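Here is the structure we will look at, set down as structure tokens.
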Amino acid sequence: MSSRPPIVTILGHVDHGKTSLLDFIRKSSVAAKEHGGITQHIGAYQIEIPQESKSRESEANREIPRQARDDFAVSRKITFIDTPGHVAFEKMRSRGAKVADIAVLVVAADDGIMPQTIEAIKHIQEAKVPLIVAVNKIDLPGINLKVQLEKIKKQLSDREILAEEYGGDVPIVPLSAKTGEGVDKLLETILLVAELNEIKADPNTAVAGVVIEANLDKFKGPVATILVRSGTLKKGDEILIGGVKSKIRGLFDFSGKSVTLVGPSTPVEVLGLEVVPAVGAVLGEEPKAEEDLRQQQTQSLVDKLKQGPAKTLKVIIKADKQGSLEAIQASLEKFNEESQVINFIALGTGDIGEENIKMAATVGAIVIGFNVKVTPTTQKLAENEHVLIRTYNIIYELLEDVEEVVNTLLEVGQLEEVLGKANIIAEFPYGKSDRVAGCRMIGGIIAKGQRIRVIREGTLIGETKLKALRKVKEEVNKVEKGNDCGMLFDPPVDFQTGDVIESFRVI
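In the numbering used here, the protein residues as written are 18 to 524.
Listed below in structure tokens is the structure:
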């Protein structure tokens with residue numbers, strides 16, 4: 018056994034700076050390549066922190082070829098799993114925590130603990146991995162860092178996470194992903210925690226690893242990103258994933274460079290697979306009996322829907338990545354909590370093909386694509402067969418459209434959930450004809466883009482959407498209880514001092 022680079026996952030609330038932090042660390046832009054500024058897929062990246070001299074090679078490592086030792090025997094390397102931050106990817110985020118050695122929880126200095134922060138904490142605690150808290154956005158103007166840090170430490174202690182200053186073992190590292198202040202301290206803290214937890218692996222043992230991403234490439238065929246946990250994975254090896262044997266014909270590191278072998282804690286893209294494996298599949302693992310049962314149940318469902326009169330929405334979903342596919346299915350399952358209103362006819366990766374249209378026409382389904390293409394011949398066939406195709410590259414737009422279709426086709430009940438409340442304490446002119454409502458938050462959270470209603474002495478005055486939100490002179494995305502803010506509505510709605518503002522959503 019010898020030291021290996023720690024595998025680190027970065028979790029936290031959706032806009033607290035997870036991707037920005039990772040961008041700064043690896044000096045390249047991920048957010049710019051993603052649609053809507055949301056990280057859509059899990060990826061893995063490895064960095065090396067400069068040091069004056071490398072430790073002497075262990076006796077165990079001398080049995081490994083020189084290239085392998087140079088590639089992965091350095092203890093100053095860190096592997097990051099880039100897990101998505103959107104709420105729809107809870108399943109992937111949970112899996113990301115479980116394959117990691119260390120979790121970094123990003124908390125914005127101005128916001129503190131938020132709903133997705135709580136979700137992330139739950140995943141970390143379930144995975145039982147060491148935790149480091151990175152308090153981001155310390156560069157924001159007007160931040161009283163000392164006060165905010167104490168507030169965050171108190172919020173964490175309420176979730177059974179004790180900072181080192183409170184007698185616990187969780188380091189708190191203030192930083193700015195924008196300026197880079199404190200990032201070096203975070204990296205050194207990661208290496209220190211890794212050393213204290215004696216993160217090791219045997220590069221000479223049988224290779225073990227997990228699939229963190231998979232997709233069907235038009236030119237490469239089935240492709241998977243595998244994170245090697247122990248052993249050495251080499252080009253030409255035969256591997257077993259999900260009971261299917263494949264021979265590796267290509268290995269590429271996270272930068273796209275072709276490599277011949279990789280060792281522990283190394284992410285690598287693998288070519289030569291017979292099928293697209295499931296995200297989370299383990300190398301050497303036999304297929305599970307329940308997977309075969311699920312396939313049988315899916316086929317039985319297709320046969321049943323051909324004859325069944327049930328008033329349901331039948332969907333065929335194609336996505337570019339296995340992880341995205343699972344996340345979409347998990348998000349759409351919310352419609353089936355009380356009764357089954359969505360039936361999943363088929364799920365798969367790759368572009369939408371004619372076979373998908375033929376199946377949809379047979380059972381009366383719609384076809385949903387995420388980050389995939391539709392060929393002109395497939396589109397023509399869909400028009401002839403009267404099959405509806407919808408394609409998306411932002412997941413929340415997909416979910417909103419499906420919800421609209423469900424509400425149109427089905428007689429479903431609606432439940433309103435109040436998200437936040439505020440009192441209007443002043444009003445100000447804005448532009449030529451608009452007015453800004455000066456508000457004081459009295460409960461919950463109100464965020465830009467939410468549906469809003471104005472209530473006057475118990476009577477509904479009107480409904481609108483929150484177009485803009487400002488705290489003092491700064492544009493913000495949300496405000497919490499106890500804060501004063503200015504609200505601009507679109508379309509304009511009649512309001513006056515003393516009215517109550519409620520933000521809400523309809524489930």
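We put the CB at the ideal spot given by N, CA and C, even for glycine.
Note that the coordinates shown come from a computational prediction; the quantities given were computed from them, not determined experimentally.
Endpoints, the beta strand (DSSP E) within which residue i is located
{"i": "Arg457", "result": "Asp451 to Ala464"}
{"i": "Ser174", "result": "Looking at the DSSP string, Ser174 is not in any beta strand (DSSP E); the run it does join, the alpha helix (DSSP H), is Leu162 to Asp175."}
{"i": "Leu137", "result": "The amino acid at residue 137 is misidentified as Leu; the sequence shows Ala. Element bounds for Ala137: not the beta strand (DSSP E) but the alpha helix (DSSP H), Pro132 to Ala144."}
{"i": "Pro158", "result": "No beta strand (DSSP E) contains Pro158, which DSSP labels as neither H nor E."}
{"i": "Leu505", "result": "Asp501 to Asp507"}
{"i": "Asn232", "result": "Ala225 to Asp234"}
{"i": "Ala241", "result": "Gly238 to Ser247"}
{"i": "Glu286", "result": "Pro284 to Leu288"}
{"i": "Val190", "result": "Ile189 to Pro191"}
{"i": "Leu179", "result": "Note, Leu179: premise wrong, no beta strand (DSSP E); not H, not E."}
{"i": "Gly267", "result": "Gly267 to Phe269"}
Start and end residues, alpha helix (DSSP H) containing residue i
{"i": "Lys202", "result": "Val200 to Leu213"}
{"i": "Asn494", "result": "Premise fails: Asn494 is in no alpha helix (DSSP H) and is neither H nor E."}
{"i": "Arg522", "result": "First-last for Arg522: Val517 to Val523, but that is the beta strand (DSSP E), not the alpha helix (DSSP H)."}
{"i": "Val43", "result": "With the sequence shown as reference, residue 43 is identified as Arg, and Val is not the correct amino acid for it. Here the alpha helix (DSSP H) through Arg43 covers Lys35 to Arg43."}
{"i": "Leu436", "result": "Careful: Leu436 lies outside any alpha helix (DSSP H), inside the beta strand (DSSP E) at Glu433 to Tyr447."}
{"i": "Pro393", "result": "Pro393 to Asn401"}
Beta-carbon separation (whole angstroms), residue i vs residue j, contact threshold 8 Å
{"i": "Gly199", "j": "Ser193", "result": "6 Å"}
{"i": "Phe534", "j": "Asp337", "result": "With the chain covering 18 to 524 only, the question about residue 534 has no answer from this structure."}
{"i": "Ile27", "j": "Lys35", "result": "5 Å"}
{"i": "Ile149", "j": "Ile207", "result": "7 Å"}
{"i": "Ala120", "j": "Lys154", "result": "Actually they are not in contact, since the Cβ atoms of Ala120 and Lys154 sit about 19 Å apart, beyond 8 Å."}
{"i": "Ile95", "j": "Pro22", "result": "6 Å"}
{"i": "Ile478", "j": "Val523", "result": "That belief does not hold up - the Cβ atoms of Ile478 and Val523 are roughly 19 Å apart, past 8 Å."}
{"i": "Gly129", "j": "Ile189", "result": "That belief does not hold up - the Cβ atoms of Gly129 and Ile189 are roughly 13 Å apart, past 8 Å."}
{"i": "Ile24", "j": "Val116", "result": "7 Å"}
{"i": "Arg266", "j": "Gly301", "result": "Not a contact, Cβ separation roughly 19 Å."}
Beta-bridge pairing of residue i - partner residues as DSSP gives them
{"i": "Ala218", "result": "Ser19"}
{"i": "Gly386", "result": "Lys335 and Thr408"}
{"i": "Leu257", "result": "Lys262"}
{"i": "Gly29", "result": "Val123"}
{"i": "Asp99", "result": "Gly60"}
{"i": "Lys251", "result": "Leu278"}
{"i": "Leu300", "result": "Ile258"}
{"i": "Pro65", "result": "Rather than Pro, the amino acid found at residue 65 in this sequence is Glu. DSSP, once it has assigned bridges, lists Lys94 as partnering Glu65."}
{"i": "Val419", "result": "Its beta-bridge partners do not exist; DSSP assigns none."}
{"i": "Leu330", "result": "Ile359"}
{"i": "Leu148", "result": "Ala120"}
is_contact[residue i, chain C] using C-beta, thresh 8 Å
{"i": "Ala144", "result": "Protein chain content of the structure displayed is limited to a single chain, and chain C is not contained in it."}
key: Three-pair Cβ contact test at 8 Å for the stretch 243 to 254 versus the stretch 208 to 222   = yes
request  = Report yes or no: do three or more beta-carbon pairs, one from the stretch 441 to 451 and one from the stretch 487 to 494, lie closer than 8 Å?
outcome  = no
key: Sequence ranges, beta strand (DSSP E) only - wholly within the stretch 468 to 494, length at least 3   = 468 to 473 and 476 to 488
inquiry  = Under 8 Å, with one C-beta from each stretch per pair, do the stretch 284 to 304 and the stretch 334 to 348 reach the 3-pair mark?
reply    = yes
inquiry  = Just to confirm the assignment: which complete alpha helix (DSSP H) runs, minimum length 4, are found wholly within the stretch 345 to 391?
reply    = 371 to 380
query = Are the stretch 399 to 408 and the stretch 436 to 443 touching by the rule of at least three beta carbon pairs closer than 8 Å?
reply = no
ask   = Given 8 Å as the limit, is there contact between the stretch 347 to 358 and the stretch 366 to 377, that is, 3 or more CB pairs closer than that?
value = no
task = Please determine if the stretch 225 to 235 and the stretch 354 to 371 are in contact, where contact requires at least 3 C-beta pairs separated by less than 8 Å.
result = yes
message = Contact between the stretch 463 to 482 and the stretch 504 to 518 is defined here as three or more beta-carbon pairs at a separation below 8 Å; is this criterion met?
response = yes
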